[in-house]
Every structure is written in C-alpha cells, then in structure tokens.
Amino acid sequence: MSEPVLVLRGLTKEFAVRRGLGSSRRRVHAVDGVDLEIGQGEVLALVGESGSGKSTLARCVARVLEPTAGQVLLLGTDITHLSRRALRPHRRHLSMVFQDPSSSLNPRMTCEAIVEEPMRVVRAGSAQERGGRVADLFRQVGLRSELRYRYPHELSGGQRQRVALARALALDPDLLIADEPVSALDVSVQASILNLIADLQEERRFSMLFITHNLSVVEFVAHRVAVMYLGRIVEEAPREQIFADPQHPYTQALLSAAPAPDPERQRSRRRILLQGDLPSPIDPPSGCHFHTRCPIAVERCYREVPELSGITSERHLVRCHLVTAAGAPRIAERVAAGS
Ligand code: SF4
Numbered sequence: 016m017s018e019p020v021l022v023l024r025g026l027t028k029e030f031a032v033r034r035g036l037g038s039s040r041r042r043v044h045a046v047d048g049v050d051l052e053i054g055q056g057e058v059l060a061l062v063g064e065s066g067s068g069k070s071t072l073a074r075c076v077a078r079v080l081e082p083t084a085g086q087v088l089l090l091g092t093d094i095t096h097l098s099r100r101a102l103r104p105h106r107r108h109l110s111m112v113f114q115d116p117s118s119s120l121n122p123r124m125t126c127e128a129i130v131e132e133p134m135r136v137v138r139a140g141s142a143q144e145r146g147g148r149v150a151d152l153f154r155q156v157g158l159r160s161e162l163r164y165r166y167p168h169e170l171s172g173g174q175r176q177r178v179a180l181a182r183a184l185a186l187d188p189d190l191l192i193a194d195e196p197v198s199a200l201d202v203s204v205q206a207s208i209l210n211l212i213a214d215l216q217e218e219r220r221f222s223m224l225f226i227t228h229n230l231s232v233v234e235f236v237a238h239r240v241a242v243m244y245l246g247r248i249v250e251e252a253p254r255e256q257i258f259a260d261p262q263h264p265y266t267q268a269l270l271s272a273a274p275a276p277d278p279e280r281q282r283s284r285r286r287i288l289l290q291g292d293l294p295s296p297i298d299p300p301s302g303c304h305f306h307t308r309c310p311i312a313v314e315r316c317y318r319e320v321p322e323l324s325g326i327t328s329e330r331h332l333v334r335c336h337l338v339t340a341a342g343a344p345r346i347a348e349r350v351a352a353g354s
C-alpha cells in the first residue's frame with residue numbers, strides 16, 4: 016500500500032487563557048490527542064459542531080498554529096517542529112481553502128495576481144508560463160477569462176471561492192485542506208461549489224481534509240468520515256458505514272438532524288434532540304466528554320475515558336463504553352422507550 020499523504024499521531028493543541036483580571040491561567044483543550052491518516056487520493060471529512068476543534072486541528076496541520084504535542088507527518092516527513100525556513104519546500108505539498116473567501120483573498124490584488132502568487136513565490140516557470148497556467152486554472156474552476164483582471168470585491172461569493180480554489184491548486188498540492196468551504200456561501204451556490212470540489216478531486220486525485228459542521232454535505236465528497244467532539248475523535252469509518260450504521264450516540268444525533276437526499280430515508284429518521292450546548296473546552300467534562308448530553312450515559316461514563324477502538328472492523332472506530340462487537344444501542348429507540 017502506498018504511503019499516506021498525512022499522518023497525525025497524538026496531535027494536541029492547548030491554549031492558555033485568563034478569564035479576567037487577577038484570575039489564574041486556565042487551559043483550553045482544543046485538540047486532544049488526535050490520531051488520523053489520509054491516504055493518496057482519499058477525502059477525509061472531519062465533522063463536528065462549531066467549537067469542537069476541527070479548524071484548530073486543520074491549522075496545526077498547516078503549521079499556522081504550533082501543536083502543543085504529537086506529530087504531523089506530511090508525505091512521510093515529520094513537519095511538526097520544522098523551522099519556517101525548513102518548512103518552505105514542504106509547503107507546496109499542502110494548501111488551504113477557507114470558509115470566507117472575502118477575507119482570505121487580498122483585496123488589493125487582481126484575481127490573476129492572487130492565483131499566480133503561489134507560483135511566483137516558489138519561482139515556478141517564466142511569467143508567460145505562469146500566465147498560461149492561471150488561464151488554465153480559471154477554466155478548470157469555471158471562471159470566465161475576463162474575470163482575471165477584476166478585484167475580489169467585484170466578484171460574487173461563489174466566484175471568489177472559485178478564485179480561492181484556483182489559487183489553492185496552483186502548485187498541484189498533494190493535500191488540500193478545505194475548512195468549511197461552502198458554509199459562508201448562499202445556499203443556491205453551495206451545491207455548485209461542492210460539485211466543483213468533488214470533480215476537481217476526482218480529476219486531479221489530490222487528497223483532502225474536508226472540514227464541515229454539516230454531515231449532509233459530506234455525503235457528496237468524502238470517502239471516510241471522522242466525527243469530532245470537544246477535541247477528540249469519537250467515531251471514524253468509511254462514509255457508507257457512517258451513514259448506514261452510525262455507532263456513537265453523538266454521530267446518531269448529528270445524522271438524525273441532517274436532511275437526507277432520499278425522501279424515504281428522511282421519513283424513517285427519528286430526530287434525536289441533544290440537551291444543552293457544547294460544554295466549554297476549558298475544564299471539559301470528566302470521563303467521556305459527551306456524558307453531559309448523552310441520553311444513554313451510565314455511571315462509568317462519568318469516570319472513565321472510553322478508548323477509540325475498532326468495533327465492527329478495524330476501519331470502523333468508535334469511542335463509547337456501550338458500543339460493543341454486538342453493535343451500538345440505537346438511542347432514538349432507547350429515548351422513545353424512556354430507558
Ligand atoms: Fe454516551 Fe457513555 Fe458512550 Fe459517552 S461512553 S457516548 S456518555 S454511552
């Protein structure tokens with residue numbers, strides 16, 4: 016089997032915070048010992064509520080943030096502690112698309128200059144070759160050629176996200192990190208950008224870490240899904256297994272709230288309402304972080320941290336004391352039955 020493009024081992028990120036004058040420093044546990052792998056040409060979707068640590072994890076992978084502990088291996092090289100200078104040759108293997116294209120594109124540059132910039136920085140090709148490549152990239156992301164001479168504020172939100180995608184693909188990265196790439200866009204253009212990302216990925220076979228709070232988006236693009244809750248991965252499985260047979264109570268609740276494309280499947284879904292909000296990552300709940308909202312928590316859940324372990328297969332991992340080889344408790348039925 017070929018080497019994974021990205022490997023995370025025990026990735027941890029904590030931030031020190033002070034909650035007001037005179038108070039002592041506390042620590043926010045944003046990412047808590049995450050192990051993940053993304054293979055060549057594979058799309059891993061990282062799903063969870065806002066505040067679960069997904070974007071912090073992505074920023075640690077891109078080394079925008081320094082991890083507190085653990086390792087980031089990109090194409091087999093440990094980049095966790097490389098200096099800025101030593102990191103430079105590795106940067107071209109990885110690029111990022113952010114949620115809000117308005118703030119990620121330089122408003123003082125034309126769209127052509129924005130897309131050309133990564134090539135200029137690494138001195139890839141002559142000015143003429145770069146111009147030809149920009150024209151190709153505009154075509155590939157479905158933008159009219161004349162838009163090259165416009166500024167970002169002259170474009171619609173969907174067009175700006177297409178420019179951001181063209182820029183991210185300029186150096187043919189091995190790994191694209193897409194952090195909520197459609198959630199700031201009008202609903203009417205979300206599907207077209209999702210389709211574009213899926214088509215580009217299929218054509219160019221780059222690997223992707225696709226971050227979203229919306230599970231229904233994932234069904235279009237992901238090969239595998241990892242569900243994150245308060246900094247920890249609670250379930251990871253191939254996409255079909257997550258949608259057909261979710262095991263962790265949190266995944267079951269997320270799925271019950273996501274609209275299904277198939278009306279029959281939508282009708283058969285029983286909505287599971289979680290109590291309360293995501294707890295603060297400062298002093299997260301003991302034991303299983305999810306116990307404060309889990310409708311089927313037992314005493315053990317307050318005391319012991321469940322391991323992330325293979326249940327039905329090595330490739331389907333779940334972090335829950337009550338999920339066994341015999342399967343997961345169906346919480347919709349348990350809640351309806353009042354147990
Ligand atoms: Fe719920 Fe306990 Fe499983 Fe956590 S370990 S998800 S609290 S049943």
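The opening position of the sequence shown corresponds to residue 16 in our numbering, with each subsequent residue numbered one higher. Every residue gets a Cβ at the ideal spot worked out from N, C-alpha and C, and that includes glycine.
Subject >> Backbone CA spacing between residue 303 and residue 313 [nearest angstrom] >> reply: Going from the Cα of residue 303 to the Cα of residue 313 covers about 10 Å.
Original post:
So, is residue 168 buried or exposed, given that buried needs 16 or more other C-beta atoms within 10 angstroms?
Top reply: The residue in question, residue 168, is exposed, as its Cβ has fewer than 16 Cβ neighbours within 10 Å.
Original post:
Helix, strand or coil for residue 10 per DSSP?
Top reply: This structure cannot settle anything about residue 10, because the visible part of the chain is limited to 16 through 354.
Subject >> Contact belief for residue 186 with residue 110 at Cβ below 8 Å, rounded distance in angstroms >> reply: With 8 Å as the limit, residue 186 and residue 110 qualify as a contact, their Cβ atoms being about 7 Å apart.
Subject >> residue 110 - containing alpha helix (DSSP H), residue span >> reply: Element bounds for residue 110: not the alpha helix (DSSP H) but the beta strand (DSSP E), 109-112.
Original post:
If you follow the beta strand (DSSP E) that residue 124 is part of, which residue opens it and which one closes it?
Top reply: Note, residue 124: premise wrong, no beta strand (DSSP E); not H, not E.
Subject >> Simplified DSSP state of residue 90, which is helix, strand or coil >> reply: DSSP places residue 90 in coil when its eight states are reduced to three.
Original post:
What first and last residue would you give for the alpha helix (DSSP H) that runs through residue 74?
Top reply: Judged by DSSP secondary structure, residue 74 falls within the alpha helix (DSSP H) whose first and last residues are 69-76.
Subject >> Element boundaries [alpha helix (DSSP H), containing residue 144] >> reply: It spans 142-155 - the alpha helix (DSSP H) in which residue 144 sits, taken as one unbroken run.
Subject >> 6 Å Cβ shell around residue 65 - same chain, five flanking residues per side excluded >> reply: The residues are 228.
**OP:** Return the CA-CA distance between residue 22 and residue 291, expressed in angstroms with no decimal places.
**Re:** C-alpha separation (whole angstroms): 34 Å.
Original post:
Do residue 250 and residue 265 have their C-beta atoms closer together than 9 Å?
Top reply: In terms of Cβ geometry, residue 250 and residue 265 form a close pair [threshold 9 Å].
Subject >> Sub-9 Å separation of residue 269 and residue 62 beta-carbons >> reply: For residue 269 and residue 62, yes; Cβs fall inside 9 Å.
Subject >> Environment of residue 298 [buried if 16+ CB atoms lie within 10 Å] >> reply: Its Cβ having fewer than 16 others within 10 Å, residue 298 is exposed.
Original post:
Terminal residues of the continuous alpha helix (DSSP H) containing residue 180?
Top reply: Per DSSP, residue 180 belongs to the alpha helix (DSSP H) from 172-183.
**OP:** Out of 164, 295, 48 and 205, state which residue places its alpha-carbon closest to the alpha-carbon of residue 85.
**Re:** The shortest Cα separation from residue 85 among 164, 295, 48 and 205 belongs to 48.
Original post:
DSSP three-state call for residue 332: helix, strand or coil?
Top reply: Of the three classes helix, strand and coil, the one that applies to residue 332 here is strand, per DSSP.
**OP:** For residue 352, name the three-state secondary structure that DSSP assigns.
**Re:** Only weak support exists for where residue 352 lies, its pLDDT of 49 falling under 50; the value from the coordinates is given anyway. Here DSSP, grouped into helix, strand and coil, assigns residue 352 to helix.
**OP:** Spatial neighbours of residue 104 within its chain, please: CB distance less than 7 Å, with the 5 preceding and 5 following residues excluded, ordered by chain position.
**Re:** Hits under 7 Å: none found.
Original post:
How should residue 339 be labelled, buried or exposed, when 16 other C-beta atoms within 10 angstroms of its C-beta is the threshold for buried?
Top reply: Taking every protein chain shown into account, the CB of residue 339 has fewer than 16 other CB atoms within 10 angstroms, so this residue is exposed.
**OP:** Locate the beta strand (DSSP E) running through residue 191, then write down its first and last residues.
**Re:** Membership of residue 191 in the beta strand (DSSP E) is indicated by the continuous run 190-194.
**OP:** Return the residue from the list 188, 176 and 211 that minimises the CA-CA distance to residue 200.
**Re:** Residue 200 has its Cα closest to that of 176, out of 188, 176 and 211.
**OP:** For my contact list, residue 245 and residue 67 are in at a C-beta cut-off of 8 Å; report their separation, rounded to the angstrom.
**Re:** Indeed they touch by this definition, with Cβ atoms about 6 Å apart.
**OP:** Report the rounded CA-to-CA distance for residue 334 versus residue 295, giving the unit in angstroms.
**Re:** Between residue 334 and residue 295, the C-alpha separation is close to 20 Å.
Original post:
Going by beta carbon distance, what residues of the same chain come within less than 6 Å of residue 116, once the five residues before and after it are set aside?
Top reply: Closer than 6 Å at Cβ, skipping near neighbours: 175, 176 and 179.
Original post:
Do residue 137 and residue 107 come within 9 Å of each other at the CB atom, strictly closer than that value?
Top reply: Less than 9 Å divides the Cβ of residue 107 from the Cβ of residue 137.
Subject >> Same chain, Cβ closer than 8 Å to residue 17, neighbours up to 5 away in sequence not counted >> reply: Excluding positions up to five away in sequence, the list reads 54 and 55.
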